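Numbered according to our numbering, the sequence shown spans residues 2 to 147. Here a beta-carbon is modelled for each residue, glycine too, at the ideal position from N, C-alpha and C. Keep in mind it's a predicted model, so treat the numbers as computed, not measured.
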Amino acid sequence: MLTELTTEVIDSMLVNQYFGRIGCAADDRILIEPVMYYYDGNAILGLTREGTKIQLLRKNPHVAFEIDEMIRDGVWHSVLIEGIFQELTGDEREYALYLLEHRKIPVFTGEKMGYPGEITPTDHHVVYPVVYRIQIHRKSGRCYTQ
C-alpha cells in the first residue's frame, strides 16, 4: 500500500540522512547525481566541485532532490523536494561550510579544501568547492508497505 509521509517523518528523514540525489536540467540535458548534504530545517546545503552539474544549475536553478530509505524487504520511504539552487558566497558560504564540516560531510578525499587567496604548499591539490543551498519550494514523501 502506498501512503503519504507526514511532514514530521519527512523532516526526520532529511535530518537523519546525509546522502541524496540532485536532479537538474538545461540545454536539453538532464542530470541526476548523488550528493552529500545537510538539512538545516529550511533548506538543503551542499558542496561540490566545478563541473557539469554546476554548469547546468547556473543555467537553470530549478532542481529536484530525492532521498530514500529501504526499511526492510517490501517497505520503503522516499522524500522528494522541488526547489531552487542558490550558490552561496560571503558569510552565508562560510556558515554553510561550518555546518557541513561539523556534520562530518567529507570534502574531497586526498585534497585540501582551499579558499581564494590562500597560500598553500605546492604538494597539495587545492579545491575551491562550490557551496550551495536548495531553497525548498515543495516537499513530499511516500511510504510503501506490502
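Per DSSP, what kind of secondary structure is residue i in: helix, strand or coil?
| i | result |
| --- | --- |
| Gly-24 | strand |
| Arg-50 | coil |
| Gln-136 | strand |
| Gln-1 | Residue numbering for the chain in the displayed model covers 2 to 147; residue 1 lies beyond these limits and cannot be assessed. |
| Arg-104 | coil |
| Thr-8 | helix |
| Leu-89 | coil |
Who are residue i's beta bridge partners in DSSP?
| i | result |
| --- | --- |
| Leu-81 | Glu-67, Ser-141 |
| Val-76 | Arg-73 |
| Met-37 | Phe-20 |
| Ile-45 | Tyr-40, Ile-135 |
Are residue i and residue j closer than 8 Å when you measure CB to CB?
| i | j | result |
| --- | --- | --- |
| Leu-46 | Val-131 | no |
| Tyr-40 | Val-16 | yes |
| Ile-55 | Phe-66 | no |
| Ile-33 | Gly-24 | yes |
| Leu-57 | Ala-26 | yes |
Label residue i either buried or exposed according to how many other C-beta atoms from any shown protein chain fall within 10 Å of its C-beta, with 16 as the threshold for buried.
| i | result |
| --- | --- |
| His-78 | buried |
| Met-14 | buried |
| Gly-84 | buried |
| Tyr-133 | buried |
| Leu-100 | exposed |
| Gly-142 | buried |
| Phe-86 | buried |
| Ile-68 | buried |
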